[in-house]
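Line by line, the protein sequences are chains A and B.
Using numbering that gives the first Met the number 0, the first residue of the first sequence is number 0, and each one after it goes up by one.
Using numbering that gives the first Met the number 0, the first residue of the second sequence is number 0, and each one after it goes up by one.
C-beta: ideal position from N, C-alpha, C; glycine also.
Worksheet: the structure to be examined is printed underneath.
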Amino acid sequence: MLAGGKSERLHALGRMRTASALPFGGKYRIIDFTLSNCVHSGLYRIGVLTQYAPLSLQEHIGIGRAWDLDRRDGGIRLLPPYVRQRATNWYRGTADALVQNRNVIADAQARHILVVSGDLIYKMDYGSLIARHEARGSVLTVVTTPSPDDEAERYGIVDVDGTGRVRGVEVRRDGGPGTQVSASIYLFRGRDLLARLADPSLGPDLVADVIRPMIEEGLPVHADPFDGYWHDVTTIDSYYAASMDLLRPLPPINLNDPDWLVYTPSEDRAPSLLGGSADVVSSMIAHGTRIEGTVRRSILFPGVHVGAGAIVEDSIVMHDTRILRGARLHGAIIDKQVRIGERAEVGVGEPVRHREHPHDLGGGLCVIGKGAEVPTGAKVGRNTLVEIGVRERDYGRDGVPSGSTVRPRPAGAAR
Amino acid sequence: MSGVPYAMILAGGVGSRLCLLSEKRAKPAVPFGGKYRIIDFTLSNCVNSGIFDVGILTQYRPLSLRDHIGIGRAWDLDRKRGGVELLQPFQGWAENDWYRGTADAVWQNWHRVADRQAEHILVLSGDHVYRMDYRPMIEAHLERGADATVAITEVPIEQASQFGVVRTDASGWITGFLEKPKNPPSGRISMGVYVFRVAALLQELVKDDERNSAHDFGRDILPALVERGRVAAFLVPGYWQDIGTLDSFYQANLDLVSEDPPFPLEDPRWPIFTPSTEYPPARIGSGAHVRSSIVTHGTIVNGTVERSVLFPGAVVEEGAVVRDSIVMGETWIGPDAVLDRVILDKRVHVGRAATIGTGPSTPNRACPEHLSAGITIVGKETRVPEGITVGRNVRIAADLAEEDFPRDGLASGDVLER
């Protein structure tokens, strides 16, 4: 499981954690979906390749208890880069991460090796994928899915011929929504993958240096189309869209399905308490929340408090954030332990694109980083970024205009 | 306290005054407060007080409790040294038999106490809702050199006759211990939380074993120790609720959603631990109205919920109204059903447009003493038919099917058995 990447495009949400560790759906982390897929599919031997900001992920996974992965045989193992006698290296890419853990992979003596990303939302039975892969006699199966957005180049466009053979995996910009793209789910025949990992001249990237050569050499590489819900979360817009999908009357991912529960370590929080003036509709509410205000079309993670008269709309609010009386949030993604001051207004004003990151913050969302404060009565515009740990003193007089960023001022700097 | 503090929790009671709720489970395993079982409060008090060596004495219907406790993981009680152990009656030694009372339960498991070679032990009750740090009480007990120290709380004097009432002298020694007196002299009652000097307790247990008594701590052991003159009172402020009756069960749950709850369930300094379920967060639909209520993971609300407690997996469909009610796990309340002052046990199914809890508050025919406050109770896994009307103070047994109900419904005070 590849869970070591840095997602620049998540900005404040992705700086202190890799995308796989991003909180999702009111109590989960993104990686819970892939891990739960594994255990529901009977895969109990899992290595998680970590590199960028792994602490949050390590703490989350622990010994794998939540997924029944604390096992004597197999179970879950975190595989960070490590120092060795010769040539100590960070992982230079996805293939290099596998090369550096070649011994671990070889020790598993697995007939098949599944390489998946830890930062995607989908439910899939890998068992039936393996059965089809075996039936076709594939050396490699590439799962494909229609691109969920118009950024097909983010995923890699898969060219498939009439017989289901993959003719190419390319990053190009001509794919609109619906183009068949790689779902980042690759099933290899074990010995073929290991043979390639043993090549000292192998390049660092899994797609460019392992998968593409396999296709070009004419090995049996097949596409396996997946038509279930599949969603990437490595941009602000895609994370927000996947989250809001959960609030549909019939959500595309049914978290309540008793036969396919998504597992996660539960926190010891009290049940939610909705007060006498609470007004909550079309929302997901986790344990430990306390609501006196209005919440519409929003997801509240554990321990969030919404004060009387506060309004939270179309927003995602993570653990232990406090929204004080009379504050208003519209289209905001608020990280953990944020304090929104009384009567503050977040997500108001003209929807001008973000000045520095127009591509990432153009849909009107406001992102507030972990532990930040929004001062009493402050106005925070749309397409704005409030960085991690921003204090009240870091704000200008007129709040945060649409399209701008607030950063912590260096200690001791004058206003 | 020399050695590791050891606590024994009395959790074997039948809880007959809890009516249907304890028909299939021991009283400490009765669900409470949205995600807990009653025993969670005592177990959490133990671990929050640094006590990680706990024996639970069970006898009546222990399965639910056993499933709940498991290996004690939720409380960090899955330990190599200490941890939690369920102590069931067993055969094999001449003197072993079913527990004859709370004191006999401890006596039959005395080997567990002896093994620990501790000079003092804690004896607790598993069916009370309260938050207490046991350490100051243990310290006071040691300082005074008491044979026993009894935690005391104050209740209104008119309620005291349901409890063990204590009389104390000016320096805090207990001079009288009256179990459920007709005319209580005060509202100072025992919380069922005791620290004993092991040697003193052993002497009394040996004597009591021979006697033809109730073999009960409150009735027999404490009065005998009081005679010896070294039983101290330890006053504990704060909320304490015995979940002995249906009314007290109902009230303690509703207290949690009152304007002024007696204590916060969510308190990082004193968490109440319980095994968590795997459900997703609560889903509140577009037409829902939820206020003054507790909702939990796995609940889905599309109707109206007021002053109620919803346990994990409870579903309230569109147009349904749930008021002043306690709805346990995995219950389904169909569209347009109306519930008023109702306790639904687990996995009850309420058909579309059924009305439960309406009309006059006639006391229940079978048990007027427990069911007269207007609360209607429906037992585990019963299916209430569509469109039916059920009155107040009605008791509906567990495991009933739609066809077990009379077509014209149930009047207030009725009983429906299989």
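| Query | Result |
| --- | --- |
| DSSP three-state label for Ser15/A, please. | According to the sequence as given, residue 15/A is Met; it is not Ser. Looking at Met15/A - three-state DSSP - the assignment turns out to be coil, as it is neither helix nor strand. |
| Could you check whether the Cβ of Arg346/B sits closer than 9 Å to any Cβ belonging to chain A? | no |
| Give the single residue among Arg78/B, Ala372/B, Phe51/B whose Cα lies nearest to the Cα of Thr244/B. | Ala372/B |
| Between the beta-carbon of Pro24/B and the beta-carbon of Leu64/B, is there less than 9 Å? | The sequence as given places Arg at residue 24/B; Pro does not occur at that position. Yes, they are a contact pair. |
| Leu42/B versus chain A: which residues are under 9 Å apart at the beta carbon? | Within chain A, no residue comes near Leu42/B; the closest Cβ sits about 12 Å away, beyond 9 Å. |
| Name the two residues that bound the continuous beta strand (DSSP E) containing Arg76/A. | 74 to 78 |
| When we look at the beta-carbon of Arg414/A and count the other beta-carbons within 10 Å, is it buried (16 or more) or exposed? | Low confidence applies here, because Arg414/A scores a pLDDT of 48, under 50, leaving its location unreliable and the question unanswered by this model. |
| Here's the rule: buried if 16 or more other CB atoms are within 10 angstroms of the residue's CB, otherwise exposed. What is Lys369/A? | buried |
| Using the C-alpha atoms, what's the distance from Ile68/B back to His140/B? | 29 Å |
| Between the segment 284 to 302 of chain B and chain A, which residues of the former have a C-beta closer than 8 Å to a C-beta of the latter? | Gly284, Ser285, Gly286, Ala287, His288, Val289, Arg290, Ser291, Ser292, Ile293, Val294, Thr295, His296, Gly297, Ile299 |
| Have a look at the DSSP bridge pairing and note the partners of Pro224/A. | Thr143/A |
| Give the straight-line distance between the Cα atoms of Glu153/B and Arg187/B, rounded to the nearest whole angstrom. | 5 Å |
| When the Cα atoms are used, what is the spatial distance from Ala65/A to Gly412/B? | 46 Å |
| Evaluate the contact criterion for the segment 228 to 243 of chain A versus the segment 16 to 26 of chain A: three or more CB pairs, one atom per stretch, below 8 Å. | yes |
| With a Cβ-Cβ cutoff of 9 Å, do Val347/A and Ile367/A count as a contact? | no |
| Less than 9 Å separating the beta-carbons of Thr381/B and Asp398/B? | yes |
| From the DSSP output, read off the bridge partner residues of Gly46/A. | Arg76/A |
| Would you mind stating whether Asn47/B and Asp132/B have Cβ atoms separated by less than 9 Å? | yes |
| Could you tell me which residues DSSP puts in a beta bridge with Ser124/B? | Leu9/B |
| If I follow the unbroken beta strand (DSSP E) through Ser418/B, where does it start and stop? | The structure shown does not extend to residue 418/B, since chain B spans only 0 to 417, so no value can be given for it. |
| Can you say whether Glu402/B is buried or exposed, counting buried as having 16 or more other CB atoms within 10 angstroms of its CB? | exposed |
| Ala319/B touches chain A at which residues, Cβ-Cβ below 9 Å? | Ordered by position in chain A, no residue passes the 9 Å Cβ test against Ala319/B, which lies about 15 Å from the chain. |
| Quick one: list the residues of chain B neighbouring Tyr262/A, beta-carbon separation under 8 Å, in chain order. | Glu277 |
| Enumerate in chain order the residues of its own chain whose CB-to-CB distance from Met0/B is below 8 Å, with the five nearest sequence positions on each side excluded. | Annotation note: pLDDT 47 at Met0/B (below 50); position unreliable, coordinate value reported separately. Closer than 8 Å at the Cβ level, and outside the excluded window around Met0/B, lie Ala117, Glu118, His119, Ile137, Leu141. |
| By Cβ distance below 6 Å, which residues in the same chain neighbour Arg229/B in space, the five residues on each side in sequence not counted? | Ala145, Asp146 |
| Counting Cβ pairs, one atom from each stretch, are 3 or more of them under 8 Å apart for the segment 304 to 322 of chain B and the segment 286 to 296 of chain B? | yes |
| Under 8 Å by Cβ, that's how I've got Pro407/A and Val379/A pegged, so tell me the actual separation to the nearest angstrom. | Wrong, their Cβ atoms sit about 16 Å apart, outside the cutoff. |
| Buried or exposed: where does Pro135/B fall if 16 or more other Cβ atoms within 10 Å of its Cβ makes it buried? | exposed |
| Do Ile8/B and Cys45/B count as a contact pair if the criterion is CB distance below 9 Å? | yes |
| Would Leu9/A count as contacting chain B if we go by Cβ distances under 9 Å? | no |
| Let's test the definition: count the other Cβ atoms within 10 Å of the Cβ of Arg28/A and tell me whether it reaches 16, buried, or not, exposed. | buried |
| Quick check: is the beta carbon of Lys34/B nearer than 9 Å to any beta carbon in chain A? | yes |
| Go ahead and label Arg16/B buried or exposed: buried means 16 or more other beta carbons lie within 10 angstroms of its beta carbon, across all protein chains shown. | buried |
| For Ile50/B, which residues from the same chain have a beta carbon less than 6 Å from its beta carbon, with the 5 sequence-adjacent residues on both sides left out? | Pro4, Ala6 |
| Just the C-alpha distance for Ala400/B and Val383/B, rounded to the nearest angstrom, thanks. | 7 Å |
| What is the DSSP secondary structure of Tyr238/B, reduced to helix, strand or coil? | coil |
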